[in-house]
Structures are given as C-alpha cells and as structure tokens.
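Below is one structure; the comments refer to it alone.
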Amino acid sequence: MINSYVKTLAGVLGSEEEAKKKIYSVCTTTYTGFGALISEELSYKVKGLPGVLWVLPDSYLDVPNKDYGGDLFVDGKVIHRPQYWFTERQSTRNRPRPRYDRRQNAMPVRRPPPNQEYATTSPDRLNPNMDKVGDGSDRSQS
1 MINSYVKTLA GVLGSEEEAK KKIYSVCTTT YTGFGALISE ELSYKVKGLP
51 GVLWVLPDSY LDVPNKDYGG DLFVDGKVIH RPQYWFTERQ STRNRPRPRY
101 DRRQNAMPVR RPPPNQEYAT TSPDRLNPNM DKVGDGSDRS QS
C-alpha cells in the first residue's frame, strides 16, 4: 500500500525518489492515505489522479507537538507508532440512554371550564361591597 502512495505522488512530481522525500506521514489502519509537503497547485493535480478520493489541507491532530497522526515516513521507510484505542469513549457511545417522554412526566394543567372563572381569583367578585386592600379607596364614606 505504501508503494501505491509513493507512485501516486510520483505521478505529479515526476519521480519516486522525489515523492519519498515529500511524504512525511502514512496510514494504513485507521484510514488509508498519506501526508506530503507539496504546494497547493500540486495538490489540485493529485486530486485529479485516478484512485484519489479527496485531498485535504494540512492539519494537526496534536497541535503543540505538530503531530499529524498515522505512522511517520522518513527516507522512504515507515516508522510505526503505537496505536491508541479509546475503548472507554467508544463504550460510552453505545451505552443505552434513558428515554424521557414529556407527556408521561408532565404535571397536569387545570384549566377552568369555558366562559367561567374560578371564584378564588378575585375576592371582590364574591362580595362586591368588599373594599380592596391598598388602593386608597374607602367605599363606606360616600
């Protein structure tokens, strides 16, 4: 697979030796692809080659260490790095979560019958001669 990466890039650069110098990272496990230091113009040419699905701009997985992920490719040789498996994160993703149904858990709403009001909403409606508290009016001194 690594040879196919070298040949793909050599199709644009002109030689396999030049391609081996430009490739800095390869991956055959998590994804299949390689990273190479080339100009944006050359990246468009690589994108047009048969078998190339996409070309992405350079990005770091580990920014402080400028680590791209995948295995290193130095002087035409692959330097394997340890594979990290995030089993805890993957196991929580598949864990069943409780489902909440709002209709089951909602409090029942009491609504007055149409065209009627509750007697407790305003005490004046029960006794119209009753004074309102705090409004400054005094109905007894008319």
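Per UniProt numbering: the sequence shown = residues 1 to 142.
All residues carry an ideal CB built from backbone N, CA and C; glycine is no exception.
What you are looking at is a predicted structure, and each value in this text was computed from that prediction instead of being measured.
- The C-alpha of D71 lies about 22 Å from the C-alpha of K47.
- Taking the Cα positions, L56 is about 60 Å away from R111.
- Counting only the Cα atoms, V6 lies some 6 Å from E16.
- As a beta-bridge residue in DSSP terms, D71 pairs with V26.
- Within its own chain, the residues whose Cβ lies closer than 6 Å to the Cβ of T28, once the five positions on either side in sequence are excluded, are M1, listed in chain order.
- In this structure, A36 is the residue among V78, T32 and A36 with its C-alpha nearest to the C-alpha of A19.
- With 16 or more neighbouring CB atoms inside 10 Å of its own CB, S25 falls in the buried class.
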